[in-house]
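Undergrad:
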Amino acid sequence: MPSFPPRVFSGVQPTGNLHLGNYLGAIKKFVALQATHECIYCVVDMHAITVPLPPADLRANIREVTAAFIAAGIDPKKHIVFNQSQVAEHAELAWVFNCVARMGWLNRMTQFKDKAGKNSENVSVGLFAYPALMAADILVYRATHVPVGEDQKQHLELSRDIAQKFNNDFADSIAACGHGEAFFPLPEPLIQGPATRVMSLRDGSKKMSKSDASDYSRLNLSDDRDTIAQKIRKAKTDAEPLPSELAGLAGRPEADNLVGIFAALAGESKAEVLNRFGGQNFSGFKAALVDVAVDALDPIGAEMKQLLKDSGHLEAILNDGAARAREIAAPVMTAVKDILGFVR
Ligand code: AQP
Numbered sequence: 041m042p043s044f045p046p047r048v049f050s051g052v053q054p055t056g057n058l059h060l061g062n063y064l065g066a067i068k069k070f071v072a073l074q075a076t077h078e079c080i081y082c083v084v085d086m087h088a089i090t091v092p093l094p095p096a097d098l099r100a101n102i103r104e105v106t107a108a109f110i111a112a113g114i115d116p117k118k119h120i121v122f123n124q125s126q127v128a129e130h131a132e133l134a135w136v137f138n139c140v141a142r143m144g145w146l147n148r149m150t151q152f153k154d155k156a157g158k159n160s161e162n163v164s165v166g167l168f169a170y171p172a173l174m175a176a177d178i179l180v181y182r183a184t185h186v187p188v189g190e191d192q193k194q195h196l197e198l199s200r201d202i203a204q205k206f207n208n209d210f211a212d213s214i215a216a217c218g219h220g221e222a223f224f225p226l227p228e229p230l231i232q233g234p235a236t237r238v239m240s241l242r243d244g245s246k247k248m249s250k251s252d253a254s255d256y257s258r259l260n261l262s263d264d265r266d267t268i269a270q271k272i273r274k275a276k277t278d279a280e281p282l283p284s285e286l287a288g289l290a291g292r293p294e295a296d297n298l299v300g301i302f303a304a305l306a307g308e309s310k311a312e313v314l315n316r317f318g319g320q321n322f323s324g325f326k327a328a329l330v331d332v333a334v335d336a337l338d339p340i341g342a343e344m345k346q347l348l349k350d351s352g353h354l355e356a357i358l359n360d361g362a363a364r365a366r367e368i369a370a371p372v373m374t375a376v377k378d379i380l381g382f383v384r
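Heads up, the sequence shown is in our numbering, so the first residue is 41 and it goes up one at a time.
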């Protein structure tokens with residue numbers, strides 16, 4: 041496989057209730073990667089319509105995710121922040137990938153099974169085809185690195201399979217069109233750290249999620265100090281004190297989750313957190329967790345509120361980002377058409 045210039049791409053769905061899991065699993069890493077990589081961050085609104093969403097909510101959510109990106113520290117001038125539907129090449133390449141990906145591959149996607157549940161005959165075709173669109177999002181920029189939470193690992197593997205199959209199926213044409221041995225890189229997931237899968241505050245076996253009916257299951261980026269404090273105080277725990285060693289977290293999903301959240305927010309390892317709090321009961325630990333959570337989230341929430349007062353400014357950021365994203369995506373899509381044999 042030839043080497044491709046490093047480029048980061050990732051996205052967040054504008055489906056409302058942006059939460060601590062989205063922040064620690066994705067957005068915080070987006071911010072850090074800006075120092076070392078060229079980054080493209082996308083509000084993936086076309087993914088958001090795979091489930092029913094009222095247009096007014098979608099519009100508000102797109103602004104909310106944009107505001108969260110900027111408030112968390114993404115620089116839209118140095119890097120690219122844009123909205124997926126404003127760059128038509130995502131949809132164009134997704135169709136090509138629908139014809140590259142195999143039904144059997146998509147049938148194995150656990151997120152589809154979770155989201156469709158018993159209702160799989162009635163969910164949208166888009167929900168099923170979601171991972172092919174996600175592959176197009178990444179590969180239309182020939183991105184090499186994708187920071188995501190643990191839940192997206194399987195979709196990333198599928199993106200690599202699609203890229204590999206395209207490179208294999210069209211190898212002769214790729215070479216004949218002057219693109220060498222491979223047209224698409226195999227994108228690498230970036231999933232590290234203590235909070236790659238933040239769990240619900242109400243149930244340590246369930247992922248913290250935007251769609252959980254209970255607002256107490258998550259810390260939203262828009263929560264104020266009092267709400268953050270109240271949700272942490274009410275978070276489910278067990279009756280034992282915190283262990284001093286990592287092994288003591290086994291079989292204690294709620295304790296493990298809160299320690300992981302503390303570690304990620306404080307920039308420590310879970311072992312360091314246990315070193316400090318091992319043997320203590322949850323009330324002292326939760327009070328310290330409130331402090332680190334408020335320190336990390338409150339400035340972001342406050343800045344989001346400010347930014348959301350000026351939707352014109354947020355839209356200008358998205359328009360500028362879309363124009364710059366298109367400059368990268370359009371020649372990639374033109375090359376894909378030539379490789380496929382489309383007549384332009
Ligand atoms: N609980 C989580 N822990 C760590 N990372 C998470 N992410 C989501 N939940 C967690 C990461 O956040 C990024 C954006 O996610 P998304 O909005 O595109 O979609 P999602 O994974 O479907 O998010 P939700 O919050 O769970 O939404 P619903 O309830 O609609 O399913 C991704 O990198 C994701 O890994």
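Each residue gets a CB set at the ideal place from its N, CA and C atoms; glycine is no exception. Predicted model only: the values in this text are computed from it and were never measured.
Expressed to the nearest angstrom, what Euclidean distance is found between the alpha-carbon atoms of glutamine 346 and valine 330?
TA: Roughly 23 Å between the two C-alpha positions.
Undergrad: Specify, as a first and last residue, the run of the beta strand (DSSP E) that valine 48 falls within.
TA: Valine 48 -> beta strand (DSSP E) spans 48 to 52.
Undergrad: For glycine 67, which residues from the same chain have a beta carbon less than 6 Å from its beta carbon, with the 5 sequence-adjacent residues on both sides left out?
TA: Here the sequence assigns isoleucine to residue 67, which means glycine is not the residue at that position. The answer, listed in chain order, is Ala112.
Undergrad: I'd like the list of long-range same chain contacts for serine 351, defined as Cβ closer than 6 Å, with 5 residues on each side in sequence excluded.
TA: Counting only Cβ-Cβ distances below 6 Å, and skipping sequence neighbours, we find Arg103.
Undergrad: Between Arg47, Thr267, Ser43 and Pro42, which lies nearest to alanine 369 when the distance is taken from Cα to Cα?
TA: Of Arg47, Thr267, Ser43 and Pro42, the residue nearest in Cα terms is Arg47.
Undergrad: Would you mind reading off the limits of the beta strand (DSSP E) that contains histidine 185?
TA: Per DSSP, histidine 185 belongs to the beta strand (DSSP E) from 185 to 187.
Undergrad: Counting C-beta neighbours from all protein chains within 10 Å, is the total for phenylalanine 122 16 or more, i.e. buried, or is it exposed?
TA: With 16 or more Cβ atoms within 10 Å of its Cβ, phenylalanine 122 is classed as buried.
Undergrad: Who are the near neighbours of leucine 196 in its chain, counting only those whose CB is closer than 7 Å to its CB and skipping five residues on each side?
TA: If we look at leucine 196 and ignore the five residues flanking it on each side, its Cβ neighbours are Val186, Val188, Pro227 and Pro229.
Undergrad: Can you name the start and end residues of the beta strand (DSSP E) that asparagine 123 belongs to?
TA: Residues 120 to 123.
Undergrad: Give me whichever residues DSSP pairs with isoleucine 80 in a beta bridge.
TA: Bridge partners of isoleucine 80: Phe49 and Ile120.
Undergrad: If you reduce the DSSP assignment to three classes, tell me which class methionine 239 lands in.
TA: Reduced to three states, the DSSP call for methionine 239 is strand.
Undergrad: Nearest to glutamate 129 by CA position, among Ser254, Arg182, Glu78 and Ala327, is which residue?
TA: Measuring from the Cα of glutamate 129, the nearest candidate turns out to be Arg182.
Undergrad: Please go through the stretch 226 to 299 and give each complete alpha helix (DSSP H) segment of 4 or more residues, from N-terminal end onward.
TA: DSSP runs (the alpha helix (DSSP H)) wholly in the stretch 226 to 299: 265 to 274.
Undergrad: Just curious, the alpha helix (DSSP H) that serine 199 is in, first and last residue?
TA: Note, serine 199: alpha helix (DSSP H), 193 to 209.
Undergrad: With a threshold of 16 other CB atoms inside 10 Å of the CB of glutamine 320, please say whether the residue is buried or exposed.
TA: Looking at its Cβ environment, which holds fewer than 16 other Cβ atoms inside 10 Å, glutamine 320 is exposed.
Undergrad: Give the single residue among Leu259, Cys139, His87 and Pro94 whose Cα lies nearest to the Cα of leucine 167.
TA: For leucine 167, the nearest C-alpha among the options comes from His87.
Undergrad: Consult DSSP for histidine 130 and reduce its assignment to one of helix, strand or coil.
TA: In the structure shown, histidine 130 sits in a helix (DSSP, three-state: H, G or I).
Undergrad: Within the same chain, show all residues whose beta-carbon is closer than 6 Å to that of asparagine 260, passing over the 5 residues directly before and after it, in chain order.
TA: Hits under 6 Å: Asn57 and His59.
Undergrad: So, for serine 309: in the same chain, excluding its five sequence neighbours on each side, which residues have a beta-carbon less than 7 Å away from its beta-carbon?
TA: Result list for serine 309: Pro234 and Ala303, in chain order.
Undergrad: Round the Cβ separation of methionine 373 and valine 180 to the nearest angstrom and send it over; I've been treating them as touching at under 8 Å.
TA: Right, their Cβ atoms sit about 7 Å apart.
Undergrad: Go ahead and label proline 225 buried or exposed: buried means 16 or more other beta carbons lie within 10 angstroms of its beta carbon, across all protein chains shown.
TA: Buried, because 16 or more other Cβ atoms sit within 10 Å of the Cβ of proline 225.
Undergrad: Can you grab the Cα-Cα spacing for the pair valine 140 / glycine 381, in whole Å?
TA: The straight-line gap from Cα to Cα measures roughly 15 Å.
Undergrad: Checking 8 Å against the spacing of the C-beta atoms, do isoleucine 202 and phenylalanine 137 come in under that value?
TA: For isoleucine 202 and phenylalanine 137, yes; Cβs fall inside 8 Å.
Undergrad: Sorry if obvious, but does the Cβ on serine 254 come closer than 7 Å to a heavy atom of the ligand AQP?
TA: Not under cutoff, so the answer is no.
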